[in-house]
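The structure appears below as structure tokens.
Protein chains in written order, with UniProt numbering: chain R, 1 to 484; chain G, 1 to 484; chain F, 1 to 484.
Listed below in structure tokens is the structure:
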């Protein structure tokens, strides 16, 4: 099939299937259906709407302007960064309504309301984190397939964690950030080609870095809404303030660490664009629960430091030794801080007591209540709570949720990576990597106004040793359909 | 008069007249007047404020950042795109308070509240759509005159449609988008010069295209607020969700169509910047009414496809054969999708029944109610409803409103175009078109860091045939004051 | 100490001290503490949250995207503009919670809620205004010290004005804008080096100017929230509308004045980026009080004009004759319009009567009430009102507040300037001014894709006469610790 037909066909097919699924399975939540609108319903409609809409819009801006512009740092890949964010998120948003909705069907159809849309944004965030690890190395059709797979698997994992294990993660640091990061890294591992490392196109320019900071700022500014959107009342209030403090703290420590790691004490734009945000990830699982604001500063400070260290030492190591090339460094911004969030949530669950939290203990950890009750939680699932868990039990379930997320993300990512290596998903040739000219009608020669500053992942002077990869690859070879 | 004095004088005169008009005709709405504030009024003040302010701010961002940056795609016209958006909208916003207010005067003066400001934003959107068709071809003073004329005529047309004809168009796709597009195209036709087509300055650069995407994203993100701002309760809730779905669908089909129309399956930035938004326009008239979300996906999918086809085939044709040069392609983003919205609203009006919508039928189509009642609608007009219309009658009035809008927009645009051709409005020489250097103090030689990518409207290899123009021009010649 | 260690050590020390202070002195406001959450508290939590959060987020965007991008106009200083805004504001935000909190301690600890965070943003704005005067001339460590000093002094000044003098300044034009501008100018004066004037790096490029307009627009768009965030009900409603009108008016007069001052009637990007915002500053002290909207247009028109005149005539004069080099021209955007706001507030206080404002007089000027009552005002202070002041007395106290602000800002700025001249704060060499290459790891040679347009402050053809500076400098010499 000609390329022009192929992309159009693939996207048309996806939209067609989505249309049919919406027609067959989805309808507005009952209070919004014109036929059922009454004065009493209107009040509840307005309350639900006002509870979610402003924060939904903030998260919406984070997804598109935040992630989209953050990824424009590559000097020859700005169109793709913003364009793919727009396209792929549009796919994920529709698909997520269905994939998340099937877990909360009450009657015949999936109910659609602002909560569904907020959940869909969460799925888009998860995908975009993975996309960050793969930026510049996958085709439009591959990305679409990744979005479809990841959204389905991620929604299942979230259901497992929130409903089955009743782990608590209001800001989604475990179910969204950790999941997205390790899923993306697994795909990157399976689709790795050694010439991705040290590629001459993989660098920023002065101007592309200033564009990228637009993304950083909008993520930084609206992150409190992200971590607070699923909770309410005092929990929402605390989630906003703790997130705000964690971000300011990670901002300071990221600058400090960045300066400290440069021979002449200069700052590195890569760290500032990313690691200043690590506090928002690390505080996500506990922001609404923490009773003392200084704890948020501790978590944020740690996250900023770890993230910069990751960019300096771990990313090059992963790229060289483990064949995991991570274009945006999502392991440093979402992976490690996400795991830190998970660990914090375990510690907090183990130490939170009725003495410290009063009756609101049962609101923040519903499974610790002794009475059975039903709520629709902020992630849109219908949960039966009240398991009379002890603090230690709750902590254990937080741990299981973290481990389950890591396992499902990595195995799901490996499976997805193997799938998209099929020729029909149009893998990108390594010489076309990180270059808009392949997928976009750009008059090539004029483009390099974007002047090179430096490669994002410092390329090693010598050829990478890929022994580990060789070993794993030989195992994978049998399952492989098409050699890279 | 010297140019320096002339622009300053014109703007000073406009602001002076506005000041006098505000002094004489405008005051705060009664509940906000300090003298009349009581505890009961305060509650109503807060309710009105909270109902409008968040969505007003979203629309405000759409107007300035959305439209302003969307138009920075021209590589030598970024200052003017953003600067003129700022200036001209500031004129329109003040003037619209008065021009829209005269239709809703209760007592001695025009009442001013958040609803007035939201209405003013709508007028600014209408102007900016027209401005998109004329970008790079008109002077600051011409633009001011267009804004003044269009705001007055557009407010009259909206009054006719909403109050007299009682057509329903909550997102303004008929009264704002269709009106603005055809008004602007009519002005473009009357002020056409053949060297506008294929002008060497009329192209984007890699960087200017990345700037332009800032505008696209903020329009895309806040469009649900735009379509939902004038309604409330379940209608607002549905308007947001349907707009969201239509935008995601038009996003997919725009990418698909763009890829399909390129010989090598590559994407065109022009389509991505614009056609991904077409779903928001096309769903505007019906977003709050639709009872099933999949209908929004159908409308959005159609809009994205039509819009890309328009950029590829219709815009070059209009420019060459019809002397309608449309710099931003507003015909493809606002014109045709606006007409599609109008047609959708006719079909929906004809098929909506008490059976499908229950009593909320009278809320979405007040003229279908049998009882007379008074409401202040979201556009700020005072309407008496209850005409006992049938579904067919309502559909017919939707059609009349669409046709009236098209006629008034085109005739108003022609009249305005003839007016601004007068020498006193300082028409722009064709060799100065699409160039910031004329109106801005830019050190010329250094500017072309912006490297050419491609002209926006593909220039024809041979001279355009302008037979139609010649014919119409000979008719217009008598009314003409100053030959181009 | 090595530079790499020094910056990291300084930032680590700051964060460490902040952490200890938060641990010892700060806790969540009682209704938010988990242990004290009850159903009744939840309602009050949600009300407080909803009252502040949306406007807080708007102000948050103004601080980071608004100020951050506004300052990217320098063609070689974009990293520093955005990066320093992010870092320094993160320091100020945490520190301000404590410095502002100590004036409102009720029990043992400083209570933390959304109001604290809004107040912290105000301190960040104050700092960023000063930072604008110093942009490109101070090091990261100097900036941190300025932020720490200014936040402490500014919070004290605000307490003096709002609580002791009971002056009324809802939008903070006196306590934030005027204070920040003159504080920054005083620091600039004390740290002046004559080669800052006419420096070859101090110019914009075409692209950096388009970046800068992102900042302008977000400031312009969210300014109504800034001026309205501390008030409520009808006052909030009026504050938004008056700010909106003042901004549109200052936009027109800034364009008019800019065009008028150019020999060929062309616009100057510097004026458009800044002076269009002057109306928001000038209306800040009275926006919520004004009873007639046309007054807002008058104030805005004046402000836009004064601001452009300042850029054209006063800034070059200050730089040459008074040794006050003001990189962003904050004197024109915040200084003079802030004083205009102060004068407006005096006039308004003198002319507002029970006849014009009814009982709401005591809400807008609580000190004029005859009964003693307690409120927590929007700035987060606990104020006892009811001093039975006459209109003239209130006007006099507005004047004292303005004069006190000017004196404290200038003397605080001089003291801070003398402090940061100490070698340990790492002053920037004059040849490194306005250059990202010093503090950032930028591959130097490639950077100048940013092409020079023009120096911001027009450099004089001849060497500046610095007689006044010489005179003052000889006075300061004795207090000086380290010659520049």
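Built from N, CA and C at the ideal position, the CB exists for glycine as well.
In this text, all values refer to a predicted model and were calculated from it rather than measured experimentally.
C-alpha gap between residue i and residue j, whole angstroms
i, j, result
"residue 141 (chain G)", "residue 260 (chain F)", "14 Å"
"residue 461 (chain R)", "residue 440 (chain R)", "Unreliable positioning characterises residue 461 (chain R) in this predicted model, as indicated by a pLDDT of 36, which lies under 50. A coordinate reading is not provided."
"residue 205 (chain G)", "residue 345 (chain G)", "39 Å"
"residue 402 (chain F)", "residue 334 (chain F)", "14 Å"
"residue 18 (chain G)", "residue 103 (chain G)", "18 Å"
"residue 391 (chain G)", "residue 366 (chain G)", "12 Å"
"residue 136 (chain R)", "residue 435 (chain G)", "34 Å"
"residue 117 (chain F)", "residue 298 (chain G)", "45 Å"
"residue 343 (chain F)", "residue 336 (chain F)", "10 Å"
"residue 60 (chain G)", "residue 172 (chain G)", "15 Å"
"residue 358 (chain F)", "residue 251 (chain F)", "33 Å"
"residue 180 (chain F)", "residue 423 (chain G)", "47 Å"
"residue 226 (chain G)", "residue 14 (chain F)", "44 Å"
"residue 105 (chain R)", "residue 112 (chain R)", "10 Å"
"residue 93 (chain R)", "residue 248 (chain G)", "8 Å"
"residue 69 (chain F)", "residue 274 (chain F)", "12 Å"
"residue 243 (chain G)", "residue 363 (chain F)", "42 Å"
"residue 312 (chain G)", "residue 262 (chain G)", "10 Å"
"residue 21 (chain R)", "residue 27 (chain R)", "11 Å"
"residue 310 (chain F)", "residue 277 (chain R)", "39 Å"
"residue 230 (chain G)", "residue 327 (chain G)", "30 Å"
"residue 291 (chain G)", "residue 34 (chain R)", "6 Å"
"residue 168 (chain R)", "residue 151 (chain F)", "38 Å"
"residue 97 (chain F)", "residue 293 (chain R)", "11 Å"
Within chain F, partners of residue i - CB distance below 8 Å
i, result
"residue 206 (chain G)", "What residue 206 (chain G) touches in chain F: nothing, since even the nearest Cβ is about 11 Å away."
"residue 7 (chain G)", "255, 256, 259, 260, 265"
Chain G contact residues for residue i, given Cβ-Cβ distances below 8 Å
i, result
"residue 291 (chain F)", "28, 33, 34, 35"
Contact belief for residue i with residue j at Cβ below 8 Å, rounded distance in angstroms
i, j, result
"residue 234 (chain F)", "residue 32 (chain G)", "5 Å"
"residue 257 (chain G)", "residue 305 (chain G)", "5 Å"
"residue 255 (chain G)", "residue 267 (chain G)", "7 Å"
"residue 161 (chain F)", "residue 175 (chain F)", "5 Å"
Neighbour list for residue i in chain G, Cβ cutoff strictly below 9 Å
i, result
"residue 41 (chain R)", "233, 234"
"residue 433 (chain R)", "Chain G residues near residue 433 (chain R): none, gap ~16 Å exceeds 9 Å."
Proximal chain G residues relative to residue i, where beta-carbon distance stays under 7 Å
i, result
"residue 436 (chain F)", "Neighbours of residue 436 (chain F) on chain G: none; closest Cβ ~18 Å, over 7 Å."
"residue 12 (chain R)", "256"
Amino acids of chain R, ordered along the chain, whose beta-carbon sits closer than 9 Å to that of residue i
i, result
"residue 252 (chain G)", "11, 12, 14, 15, 18, 87, 90, 91, 94"
Proximal residues of chain F, C-beta to C-beta of residue i below 9 Å
i, result
"residue 315 (chain R)", "Near residue 315 (chain R) there are no residues of chain F at all, since even the closest Cβ is about 16 Å away, more than 9 Å."
Chain-ordered chain R contacts of residue i [CB-CB under 7 Å]
i, result
"residue 117 (chain F)", "241, 244"
For the region 227-247 of chain G, which residues have a beta carbon sitting closer than 8 Å to at least one beta carbon of chain R?
Cβ proximity to chain R below 8 Å picks out 232, 233, 234, 236, 237, 238, 240, 241, 244, 245, 247 from the region 227-247 of chain G.
Which residues, taken in chain order from the region 68-100 of chain G, show a beta carbon closer than 7 Å to some beta carbon of chain F?
Cβ contacts with chain F: 68, 72, 78, 79, 82, 83, 86, 87, 90, 91, 93, 94.
Please identify, using Cβ separations under 8 Å, the residues of the region 258-288 of chain G that lie next to chain R, in order along the chain.
Hits within the stretch, in order: 259, 260, 261, 262, 263, 264, 265, 266, 267, 268, 269, 272, 276.
In chain order, what are the residue ranges of uninterrupted alpha helix (DSSP H) at least 4 long that sit wholly in the region 27-76 of chain R?
Fully enclosed alpha helix (DSSP H) runs of 4 or longer: 39-61.
May I have a chain-ordered list of the alpha helix (DSSP H) segments no shorter than 4 residues that lie completely inside the region 131-168 of chain R?
You should have 140-159.
If you scan the region 197-229 of chain F from start to end, which runs of the alpha helix (DSSP H) of 4 or more residues do you find wholly inside it?
With a minimum length of 4 residues, the unbroken runs of alpha helix (DSSP H) contained wholly in the region 197-229 of chain F fall at 206-228.
Beta carbons nearer than 9 Å to chain R: which residues of the region 207-227 of chain G have them?
Listed in sequence order: 207, 209, 210, 211, 213, 214, 216, 217, 218, 220, 221, 222, 224, 225.
Interface residues of the region 48-62 of chain F facing chain G [CB-CB below 7 Å]:
Within the region 48-62 of chain F, the qualifying residues are 54, 58.
If the cut-off is 8 Å on Cβ atoms, which residues from the region 295-316 of chain R count as contacting chain F, listed in chain order?
Result list: 297, 298, 301.
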